[in-house]
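K.L.:
These protein sequence lines map, in sequence, to chains A and B. At position 52 of the first sequence the residue is numbered 267 (the working numbering), and the sequence of numbers has no breaks. At position 59 of the second sequence the residue is numbered 163 (the working numbering), and the sequence of numbers has no breaks. Here a beta-carbon is modelled for each residue, glycine too, at the ideal position from N, C-alpha and C. Quantities reported herein were computed from a predicted structural model and do not represent experimental measurements. What follows is a single structure, and I will ask about it in a moment.
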Amino acid sequence: DSGVTQTPKHLITATGQRVTLRCSPRSGDLSVYWYQQSLDQGLQFLIQYYNGEERAKGNILERFSAQQFPDLHSELNLSSLELGDSALYFCASRATGTRDHTGELFFGEGSRLTVL
Amino acid sequence: LAKTTQPISMDSYEGQEVNITCSHNNIATNDYITWYQQFPSQGPRFIIQGYKTKVTNEVASLFIPADRKSSTLSLPRVSLSDTAVYYCLVGEGSNAGKSTFGDGTTLTVKP
Chain A
216 DSGVTQTPKH LITATGQRVT LRCSPRSGDL SVYWYQQSLD QGLQFLIQYY
266 NGEERAKGNI LERFSAQQFP DLHSELNLSS LELGDSALYF CASRATGTRD
316 HTGELFFGEG SRLTVL
Chain B
105 LAKTTQPISM DSYEGQEVNI TCSHNNIATN DYITWYQQFP SQGPRFIIQG
155 YKTKVTNEVA SLFIPADRKS STLSLPRVSL SDTAVYYCLV GEGSNAGKST
205 FGDGTTLTVK P
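And the structure:
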């Protein structure tokens with residue numbers, strides 16, 4: 216158990232719909248990263264938050280957005296869904312404090328989104 | 105952000121030692137090298153991390169030459185349960201997570 220919690224584990228929806236994925240980082244971790252993994256592909260970095268503020272953007276579509284709340288949990292919002300958005304979405308948090316420089320990431324079990 | 109190159113796939117047999125090499129020619133001075141393991145439909149899991157020379161833990165060893173332009177993950181006496189995708193990631197602090205993990209190395213352990 217990595218300590219990172221993601222909900223829901225599975226989600227099936229239709230094209231054009233909007234969904235929200237939730238992530239609770241490990242206790243004490245201030246950084247949250249979101250990744251997308253399509254079938255048989257590597258993890259694509261989407262976006263990073265640190266203590267409530269956006270820190271970096273990767274290959275995130277304009278239809279997608281995210282935020283990190285004061286309690287440090289994060290939500291990834293996916294709108295106007297297309298068939299190609301079907302994927303596993305992972306959240307990771309990064310160790311802070313004395314291990315901040317190492318960048319070790321702790322991943323959740325992912326949210327599997329299926330768009331029909 | 106340092107780009108990494110790994111073999112796409114490797115095969116091995118139970119009980120053998122497996123070495124997976126990752127090239128990272130433009131590694132920066134402050135970058136750490138981290139290896140992750142991912143099973144199907146699961147999140148990647150940290151295996152080992154190092155900065156230079158050799159690091160060993162209960163599951164693997166990591167060898168890093170003096171120039172740090174490559175690293176080798178060594179898995180001793182693999183079992184069927186080690187069949188997974190292995191990713192090499194290079195970065196420091198907040199930069200560590202911004203890289204796309206790439207395709208990783210798919211290790212298949214056969215009986």
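Ordered along the chain, which non-local residues of its own chain (more than five positions away) have a Cβ less than 6 Å from that of G267/A?
P.N.:
Only Q283 meet the Cβ criterion.
K.L.:
Please confirm whether T138/B has its beta-carbon closer than 8 Å to some beta-carbon of chain A.
P.N.:
Output row for T138/B: interface = yes.
K.L.:
A302/A touches chain B at which residues, Cβ-Cβ below 8 Å?
P.N.:
Chain B residues near A302/A: none, gap ~12 Å exceeds 8 Å.
K.L.:
Taking a Cβ distance cut-off of 8 Å, strictly less, list which residues of the segment 256-281 of chain A are near chain B, in chain order.
P.N.:
Going along the segment 256-281 of chain A in chain order, one finds Q256, G257, L258, Q259, F260, Q263, Y265, R270, A271, G273 and N274 with a Cβ nearer than 8 Å to chain B.
K.L.:
Look up V247/A in the DSSP assignment and give the residues it is bridged to.
P.N.:
Answer by DSSP bridge pairing, in chain order: Y264/A and S308/A.
K.L.:
Buried or exposed for I112/B, going by 16 or more other Cβ atoms inside 10 Å?
P.N.:
That one is exposed.
K.L.:
List, in chain order, every chain A residue whose beta-carbon is nearer than 7 Å to that of P111/B.
P.N.:
Those within 7 Å of P111/B in chain A number zero; the least Cβ separation is about 14 Å.
K.L.:
If you draw a straight line from the C-alpha of V219/A to the C-alpha of R172/B, how long is it?
P.N.:
Taking the straight line from one Cα to the other gives about 31 Å.
K.L.:
The beta strand (DSSP E) that contains F150/B, what's its start and end?
P.N.:
Per DSSP, F150/B belongs to the beta strand (DSSP E) from R149 to G154.
K.L.:
Any Cβ of chain A within less than 8 Å of the Cβ of S145/B?
P.N.:
Yes, because at least one Cβ of chain A sits closer than 8 Å to the Cβ of S145/B.
K.L.:
If we define contact as Cβ-Cβ less than 8 Å, is S217/A a contact residue for chain B?
P.N.:
Yes, its Cβ sits closer than 8 Å to a Cβ of chain B.
K.L.:
Could you check the C-alpha separation between C306/A and K272/A for me, to the nearest Å?
P.N.:
Straight-line Cα distance between these residues: approximately 14 Å.
K.L.:
Starting from K158/B, follow its DSSP beta bridges and name the residues at the other end.
P.N.:
For K158/B, which the question treats as bridged, DSSP gives the partners F167/B.
K.L.:
For S294/A, which residues in the same chain have their Cβ closer than 6 Å to its Cβ, ignoring the five residues on either side in sequence?
P.N.:
Result list for S294/A: R233 and R278, in chain order.
K.L.:
Can you give me the Cβ contacts of Q263/A inside the same chain, cut-off strictly under 6 Å, excluding the 5 residues immediately before and after it?
P.N.:
So the qualifying residues of the chain are Y248, R270 and A271.
K.L.:
Taking I137/B as part of the beta strand (DSSP E), name the residues at either end of that continuous run.
P.N.:
Where I137/B is concerned, the enclosing beta strand (DSSP E) stretches over Y136 to Q142.
K.L.:
For my contact list, T311/A and G243/A are in at a C-beta cut-off of 8 Å; report their separation, rounded to the angstrom.
P.N.:
Confirmed, about 7 Å.
K.L.:
With a floor of 3 residues, list each beta strand (DSSP E) that falls wholly inside the segment 275-301 of chain A, ordered by position along the chain.
P.N.:
Fully enclosed beta strand (DSSP E) runs of 3 or longer: 279-283 and 289-293.
K.L.:
For S185/B, which three-state DSSP category applies?
P.N.:
S185/B: helix per DSSP, three-state reduction.
K.L.:
Any C-beta of chain A sitting closer than 8 Å to the C-beta of Q141/B?
P.N.:
No, because no Cβ of chain A sits closer than 8 Å to the Cβ of Q141/B.
K.L.:
Going straight from the alpha carbon of T212/B to that of D115/B, what length do you get?
P.N.:
Distance between the alpha carbons of T212/B and D115/B is about 5 Å.
K.L.:
Within the segment 105-135 of chain B, note down every full beta strand (DSSP E) run reaching 3 residues or more, in order along the chain.
P.N.:
The segment 105-135 of chain B contains these whole beta strand (DSSP E) runs: 113-117 and 122-127.
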